[in-house]
Amino acid sequence: MAQETMKENEAFFFDWRIENYTLCHQKRGSCLESPSFTMGILDKTKWHLCLYPRGKSDDFIVCDLYRENDSGSAGVTISTQFSFRIGGEISKYEFDVEKNSYSKTTSSSHKLMKRETLLLKKHLFLPRDVLTIHLSMWKDDSQVPVVAPTPAIKALVACLYDENEVKLPDSMYTTTGAEVMDLKKKLYPYLNECAARTRIGSEHVSFLWPIKNFSSLKGSTRLSVPLVPASKKIPPLILSVSLINNDDVQITVQKMAEKDVGEIFVIYRLAVMDISGRENIFAVKEHHFSSPTANEDWTFESFFKKSKMIEQKVTCLPNDILSLKCSFTISTGIEISAIVECNFVSLACEKSTDINEIGTLTDDMKTLYADKKLFDVNLRVKEKSLPAHKAVLASRSPVFRAMFEHDTREKNTNNVDIPDVDINTLAGLIAFIYSDDVGNLKPEGAIKLYTAADKYQIEVLRTKCSEFLISNISPENVYSILILADLHLDMKMKNAAEEFLFTPPYEELFSDRFDTFMQNHIHLARETLQRWVKKLKLESALESKEKKG
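Residues in the sequence shown are numbered from 3 upward in steps of one, following our numbering.
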């Protein structure tokens, strides 16, 4: 593995976080480019990644490592390894170490995984629809010459004599002598880790279309409803329903011509709703509209028949009305693509951290809030409010930062309404922002705090609440935790709740609490029971195999 073949302090690490990954509109053979990054320790070369979400020529996701026209060495040979990150950890899905030589404006191509496999394992690789690609790059020891060039040694001596730690000549970055490399790293901190973020913008449109007199619908009849998205990047759409062979329900989407709009990528989810408001049948498809200057039609593959709906008219056709729920998620292109974090390393720096200094910073933050001075914003829950500092809120939450950076009502009035959160949860959220401490949590409060942390994208708090709930699962709260985990795609917490339920003697699966859970969350209850039965079958099969053995 990478850790076995490289020296940690002579490697470079690049994390590329792609948000709303499933909305990548690139067709097969087209790529999404990462922001460029420069590696000082590796000859001051400049690179970027080119990701092919639908592959180059087949269904394999491919990532190219491209060297740009930089000021570094004419040629450089490095080893690389790609991995997928899950929740900040490198997953077990590490790909092969590869060694390639790069001159300027050349690239290497790396097959990662079948697209179908990635989508089937979204809970692993796409938590909250975010794909994070981790790249490790390093030189081999065989490239380090025994003797360093004299000019390089002179330059280092001059820097040491003048105590100039600000500027080293660019020639130092193309010198790999063992002695020079060691001195260079001690003298001058170098970039060894970089993180980039690319966010695909989206607009979501959802509505319920009641189709009256559905049983009387004829093959010659065509019903239509217009969709006018809020974004100017998206053209108007027309959704139509008709019959094929007087039975197959055909749904067509027409994109209207719009000269200022480019290629459009849409994910459709259509569902027939029953009388209780639940989905009877649904289908999900995606489509590219590639002609911006012309009207373009696309037909959604038929997934239900008129005759079947009439057979189920009591549940699906109350008063002869078919309720079709239409959900459209439309990609609006790249919203953000930038380097978001760079970490430098110097071997001369102390490796230990002064705990007292960290404590002092935390105490200062607590004091800042406790002094009740310099507040410049109020967070309001109904008639109650709590004061805070915009800069502190923005530093901990991307949602608050977006509010205060853009020309919003919150920025102009210095008042932020916090819906769906009670005052105690808001107080806990603010306390954590200033102190990094969750205090004396209880399960009910942790569930509310988890939801607030997720809404305002405070990942550290979300993780702490998740860990607390996993450690405090009980018969009284297991179903609340399971519902929360399923809603927020927290697989670790969901697995912990299921493990609690699936532990003999399975009392909670036969309790009144389960009956209430099933009445309110029928789909999740069905999924839970299916997973339990599957686990029992697996355990039975293993037991039988052991007896035979």
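Where is the CB? At the ideal position from N, CA and C, for every residue including glycine.
- When the Cα atoms are used, K315 and W211 turn out to be separated by approximately 17 Å.
- P37 sits in coil when the DSSP states are folded into three classes, being neither helix nor strand.
- S325 and C318 have their C-alpha atoms spaced approximately 8 Å apart.
- Counting along the chain, the unbroken beta strand (DSSP E) around L272 starts and ends at I266 to M275.
- Going by DSSP, E21 is part of the beta strand (DSSP E) stretching over A13 to E21.
- Residue environment analysis places G77 among the exposed positions, since fewer than 16 neighbouring C-beta atoms fall within 10 angstroms of its C-beta.
- Here I336 really is in contact with T200; their C-beta atoms are around 6 Å apart, less than 8 Å.
- About 5 Å separates the beta carbons of F16 and C196, which is inside the 8 Å limit, making them a contact pair.
- Sequence-distant Cβ neighbours of E298 in its own chain, meaning closer than 6 Å and more than five residues away, are K257 and F291.
- Going by beta carbons, L53 and S110 fall outside the 8 Å limit.
- DSSP places R56 in the coil class of the three-state scheme, outside both helix and strand.
- Taking A498 as the centre and dropping the five residues before and after it, the same chain places the C-beta of I472 and I475 closer than 7 Å to its C-beta, in chain order.
- Considered as a whole, the segment 291–341 harbours 298–302 as its complete beta strand (DSSP E) runs of no fewer than 3 residues, in chain order.
- The alpha carbon of I236 has as its nearest neighbour, out of A455, I460 and A259, the alpha carbon of A259.
- In its chain, beyond the 5 residues on either side, F16 and F84 have a beta carbon closer than 6 Å to the beta carbon of L137.
- In this structure, the beta-carbon distance from I20 to V132 falls below 8 Å.
- The segment 499–512 and the segment 523–537 touch, with three or more beta-carbon pairs separated by less than 8 Å.
- L489 sits in a helix when the DSSP states are folded into three classes.
- Between S293 and I266, the alpha-carbon positions lie close to 9 Å from each other.
- Counting only runs of at least 4 residues, the segment 56–131 fully encloses the following alpha helix (DSSP H) elements, listed from N- to C-terminal order: 117–122 and 124–127.
- Counting every other CB atom within 10 Å of its CB across the protein chains shown gives F216 a total of 16 or more, marking it as buried.
- Apart from the 5 residues on each side of it in sequence, T79 sits with its Cβ closer than 6 Å to the Cβ of S103 in its chain, given in chain order.
- Ranking R464, I323, S59 and A285 by CA distance to the CA of S218 puts I323 first.
- DSSP places T24 in no alpha helix (DSSP H); its state is neither H nor E.
- Here T108 has R69 as same chain residues with Cβ atoms under 7 Å from its own Cβ, once five neighbours each way along the sequence are excluded.
- Taking each of A232, S105, K466 and L431 in turn and checking the Cα distance to S73, the smallest one comes out for S105.
- Ranked by how close their Cα comes to the Cα of W300, the residues Q252, A273, G279 and K539 have Q252 in first place.
- When only Cα atoms are considered, A487 and R464 end up about 11 Å apart.
- Runs of the beta strand (DSSP E) spanning 3 or more residues and lying entirely within the segment 451–529 do not occur at all.
- Separation of the CB atoms of K48 and S36 is rounded to 12 Å, and the pair is thereby denied contact status at 8 Å.
- For I246, the enclosing beta strand (DSSP E) covers residues L239 to I246.
- Distance check between R117 and each of D456, K220, S59 and E385 places S59 closest, using alpha-carbon atoms only.
- Here M405 is actually not in contact with V423; their C-beta atoms are around 15 Å apart, not less than 8 Å.
- Taking the CA atoms as reference points, S242 sits about 5 Å from T254.
- Annotation: L239 to S226 spans about 10 Å, alpha carbon to alpha carbon.
- Taking 8 Å as the upper bound for CB-CB distance, F402 and Y436 are not in contact here, some 13 Å apart.
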